[in-house]
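Trainee: Quick one: this structure, given as structure tokens, is what I'll be asking you about.
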Amino acid sequence: MLEILGKTSIDFMGKRRWAFLFSGIMVVLGIVALVQIGRGAANLGIDFAGGTAVQLKFDQPIRIDEARKVLEANGLANAELQEFGQDNKLLIRLKASTTIEEKVADRVVAVFKKEFASNQFVIDSSTEIGPTIGKKLQEDALIAIFISFIGIVLYVAARFEFRFGIAAALATFHDVLAVLGAFYILDKEITLLVVTALLTLAGYSMTDTVVVFDRIRENLKMRRRESEETIINNAVNQVLSRTIVTSLTVVLVLIPLTLAGGEVLHDFSLALLWGVIFGTYSSVFVASPLLLLWPGASGKMLQRG
Amino acid sequence: MKKVGGRLLLLASVVVLSVIFFVPSYQPFYQGLPDWMKKVMPSKGITLGLDLQGGIHLVMEVDEDRAVEIAVDRSVTSLQDGLVEKKIPVESVLRTGPTQITFQFQNGELKTQIQKLIDDYPIFSETESAGSANKLVWELREAEGKRIKDSAINQALETIRNRIDQFGVAEPIVQRQGLKQIVVQLPGVKEPKRARDLIKETALLEFKMLDEDNLSKLDLPARIPRDKEADVLKQAEGKLPVGDEILFERGVDKESGREYRIPYLVKKRVMLTGDVLSDARVSIGQFNDPYVSITFDGKGGREFERITGDNIKKRMAVVLDNTIYSAPVIQDRITGGRAQITGSFSMQEANDLAIVLRAGALPAPLKIIQDLTVGPSLGKDSIEKGIQATLFAGAMVVIFMIVYYRLSGVIADFALVLNLLCLMGALSALNATLTLPGIAGIVLTIGMGVDSNVLIFERIREELRLGKAVRLAIDGGYDKALLTIVDSHVTTLITGVALFLFGTGPIKGFAVTLCLGIGINLFTALIGTKVIFDLLNQRHKVGQLSI
């Protein structure tokens, strides 16, 4: 039997103060990011903010500073540029201030055709989104998040105890906020795909937490004279190898997707990757200790099954 | 131990069904099948999303207010004709607001005569307050305005469908979305700009007379650069005769290749519009220059004959979307219901013009509010990279499971393949559209599938450590993991359903794969692998489990 970990008895609960401190910082970061998004000050993708994005694939390498100069000279100074070096790809983004009537995408293409006549290119993709659509998407995404949280809290509360539901929801919130905060700090663009990733990781982190909670519930039912802290600690230790093996396999899937999945999948996979790491951490260090903040009456545990 | 026969049969039929449904998704193989097999098998499988195969996704809004204005304008034109016919000498009949027509006349006695006309125009009502002895104001009824707006969208849908059909795109989607939006999806289009222009062009063809009598009052330049239109309009402001407007002809200088404009003074009154056309075709002129020859329907032909007969030696402008294509002098009465639209076209422009004329005009201009265009190269790149990365990731997991759980790992890997197969089969059966987020959903499902097996195996290991016999350990492991797996899957399913209900576009595609994947996961983890374990046990009475 090949095992990563043998039988462990690590005192996870004893370290909860440090965990809460670290998580508190991440959550605050996430909330700052959320507020900034609400104010429109964060790096929102054009699918939410409205605007134009054109991705060009050139025959020869193109210098990003030259491209910027050329765009500025042609009245497109507010363009954001990003290059994908190995393929000579250049992504040009122009945010909301531009309206769709102007055919900004055509203008960008015309500028490059004129100024880089010797360097042929094809249009990989071009996206133009009116501001009203972006608003609608934002609302839809928020509603989806809200509904799924309510649903999850209710389900977990029904299957376990109310405090388990709250703890699981808080831990999940924590993971989403932490990744959002990290994206904000790194000034990564928050696109529709990144939001999809956040929702996915919410689901994943919930799964992870439920597995740990399941074991805690099982052990609480058989509780003898140990304190709740000991019981929870034991449960976390018992499922630890499963937690690590599972996270490891998911990470094994996500690393190649992040590194080689192409530019479209990159941010998506990156968000998920961080999400898995935070999710694993939170089910051990956040969700379970949260239960201790709200001790349950002994013997009142719901019957398993 | 339970009997395995029934479950084995179930498993086998699920596999066979999945394969049958999946086959049409892989066209090269499907096409190679004998005909009788194609007849009994489903013909449609998974479609690739625009992000994977390239194409355009447009969301447009019909400019409804403009549609109403155009309808009112049309009434004005026909009123003008009617007044001339009835010999009622009004000074002017003009649209004076979005939904308002004002009559001006010198002789107050005409008022009752004009008021009678409203019987023929029941969509208007007279506004008493705005009238006076020499003035009469009609207002479009509110209900009529709504009807016009609604039919404008339906007509726009119909027109766009016609145009796309003639342009030739495989499996286009043209749909109404919400109250006033139109969604157009053209997968695999090679010339996105051309397709977009073709859809968006209003293509309102009008024949108008030049106002040559008043031309001397204005000092119009002969030829201007294309960006100086506004200057000319500004200069002429205030000097324009009532009922006239300035329109421009577009041309390209043969030597310099530069575009120029020629301003014309044109009477606003529309003599004939493009809805009386029965056909439009591209022809080649004597200097190898393409032009579009149009054929009028019976009524249009007679009308055209009358108009040309009444205006011999005068110049008539052929106007498309407020741009003059040509302004020939009418040499003679034109019979036979045919005419030509010449101008400086390329062959392709002439072709597209013929298409839009055949398909008919849009009732009002369209506003594009969302435009996603993915070039075929990016789509190909994404697929290749996505698939490569996924395969590599899959291989890592497969190897890891075998190293860590040995024979049981092989069984878990079998579950993984089963998972993927069923998921593809289910997506094919639903004729789902596979997008990049959808692929991500599949990856997540694989991750969850592995997790279920890990949960079960870790439980079995625990049971074995307690010294239980192999058979009991397996049953115990499955039993104990069952609820955990159900709980964890249901919570994720809740997220999936919320995403499906409230998500849009790509998020929806993700949600579909996720929800399907969760269901299939439960099946493969709880039935699929268990059957194999039971089968092994039954055959060999395993004393030692390789886990």
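Which chain is which? The protein sequence lines are A and B, in order. Just so it is clear: in the first sequence, position 199 is 190 by this note's numbering, and no numbers are missing. All you need for this note's numbering is the position in the second sequence, starting with 1, plus 14. A virtual CB, placed ideally from N, CA and C, is assigned to each residue, including glycine. Please read these numbers as outputs of a predicted model, since none were measured by experiment.
Return no unless some Cβ of chain A is closer than 8 Å to the Cβ of B/P379.
Mentor: no
Trainee: Within the 8 Å Cβ cut-off, does B/Y135 reach chain A?
Mentor: Closer than 8 Å: no.
Trainee: Using beta-carbon positions only, say whether B/Q552 and B/V18 come within less than 8 Å of one another.
Mentor: yes
Trainee: Which residue or residues does DSSP assign as beta-bridge partners of B/P38?
Mentor: Answer is none; B/P38 lacks a bridge partner.
Trainee: Could you list which residues in chain B have their beta carbon closer than 8 Å to that of A/A193, in chain order?
Mentor: T509
Trainee: Rounded to a whole number of angstroms, what is the C-alpha to C-alpha distance between B/D303 and B/A364?
Mentor: 10 Å
Trainee: What does A/Y272 reach in chain B if we use C-beta pairs closer than 7 Å?
Mentor: Residues of chain B passing the Cβ test: none, with the nearest at roughly 17 Å.
Trainee: Sort out for me which residues DSSP pairs B/S502 with in a bridge.
Mentor: B/S502 is not bridged to any residue.
Trainee: Helix or strand or just coil, what does DSSP make of B/V28?
Mentor: Of the three classes helix, strand and coil, the one that applies to B/V28 here is helix, per DSSP.
Trainee: Return the Cβ separation of B/T518 and A/D131 in integer angstroms, given the expectation that the two are a contact with Cβ distance under 8 Å.
Mentor: 5 Å
Trainee: Tell me, please, which residues DSSP counts as bridged to B/P8.
Mentor: Only positions 15 to 561 of chain B appear in the structure, and residue 8 of chain B is not among them; the question remains open.
Trainee: So, does the CB of B/T2 fall closer than 8 Å to a CB anywhere in chain A?
Mentor: Past the edges of chain B, shown from 15 to 561, lies residue 2 of chain B, and the structure says nothing about it.
Trainee: Our contact map puts A/D78 next to A/K48 with C-beta atoms below 8 Å; I'd like the distance itself, whole angstroms only.
Mentor: 6 Å
Trainee: Just to confirm my understanding: we take B/I34, look at its own chain, exclude 5 residues before and 5 after, and list those with CB closer than 8 Å. What are they?
Mentor: M55, P56, G439
Trainee: Cα separation between A/I361 and B/G531?
Mentor: This structure cannot speak to residue 361 of chain A, because chain A is shown only from -8 to 296.
Trainee: Can you look up A/K86 in the DSSP assignment and give me helix, strand or coil?
Mentor: A/K86: strand per DSSP, three-state reduction.
Trainee: Please state the DSSP three-state secondary structure of A/M292.
Mentor: For A/M292, the predicted model reports a pLDDT of 47, less than 50, meaning its position is unreliable; a value from the coordinates is still stated below. In this structure, A/M292 counts as coil in the three-state DSSP scheme.
Trainee: For B/D482, decide whether its Cβ has a neighbour in chain A, counting only Cβ atoms nearer than 8 Å.
Mentor: Just to set this straight, residue 482 of chain B is Lys in the shown sequence, not Asp. No - not a single Cβ of chain A is within 8 Å of the one on B/K482.
Trainee: Are the CB atoms of B/F262 and B/I369 nearer to each other than 8 Å?
Mentor: no
Trainee: Counting contacts by CB-CB distance shorter than 8 Å, is B/E205 in contact with chain A?
Mentor: Closer than 8 Å: no.
Trainee: Please specify which runs of the beta strand (DSSP E), each continuous and at least 3 residues long, are wholly inside the region 62 to 147 of chain B, giving them in chain order.
Mentor: 69 to 76, 106 to 111, 114 to 118, 138 to 140
Trainee: What three-state label does DSSP hand A/Q111 in the structure shown?
Mentor: coil
Trainee: Is there contact here, the region 147 to 159 of chain A with the region 187 to 205 of chain A, by at least three beta-carbon pairs under 8 Å?
Mentor: yes
Trainee: Counting pairs of Cβ atoms below 8 Å between the region 409 to 418 of chain B and the region 479 to 488 of chain B, do you hit three or more?
Mentor: Touching, no, given that fewer than three Cβ pairs across the two stretches are closer than 8 Å.
Trainee: Buried or exposed for B/E269, please, with buried defined as at least 16 other CB atoms from any protein chain shown within 10 angstroms of its CB.
Mentor: exposed
Trainee: Below 8 Å, can you find three or more Cβ-Cβ pairs linking the region 387 to 403 of chain B to the region 65 to 85 of chain B?
Mentor: yes
Trainee: In angstroms, rounded to a whole number, what distance separates the CA positions of A/T90 and B/G351?
Mentor: Low per-residue confidence applies at A/T90: pLDDT is 49, beneath 50, and the placement is therefore not dependable enough to give any value.
Trainee: Would you grab the beta carbon distance between B/R237 and B/Y274 for me? Rounded to a whole angstrom, and I think it's under 8 Å.
Mentor: With a beta-carbon spacing of about 5 Å, B/R237 and B/Y274 fall inside the 8 Å limit used to define contacts.
Trainee: Taking Cβ-Cβ distances shorter than 8 Å, what residues in chain A pair up with B/S391?
Mentor: K48, V113, D115
Trainee: Which ranges would you report for the beta strand (DSSP E) in the region 190 to 255 of chain A if only whole runs of at least 3 residues count?
Mentor: none
Trainee: Quick one: residues in its chain with C-beta nearer than 7 Å to the C-beta of B/T498, no 5 flanking neighbours on either side, listed in chain order?
Mentor: So the qualifying residues of the chain are L469.
Trainee: Would the region 247 to 256 of chain A count as touching the region 215 to 234 of chain A if we require 3 or more Cβ pairs under 8 Å?
Mentor: no
Trainee: Quick one: measure Cβ to Cβ for B/D10 and A/R216, integer angstroms, because I've assumed they're closer than 8 Å.
Mentor: There is simply no residue 10 of chain B to check, as chain B begins at 15 and stops at 561 in what is shown.
Trainee: Can you name, in chain order, every residue of its own chain whose Cβ lies under 7 Å from the Cβ of B/E259, other than the five neighbours on each side?
Mentor: Contacts found: V280, K282.
Trainee: Is the shortest distance between the beta-carbon of A/P247 and the beta-carbons of chain B less than 8 Å?
Mentor: yes
Trainee: Comparing alpha-carbon positions, which option in B/L496, B/V188, B/T356 lies nearest B/E75?
Mentor: B/V188
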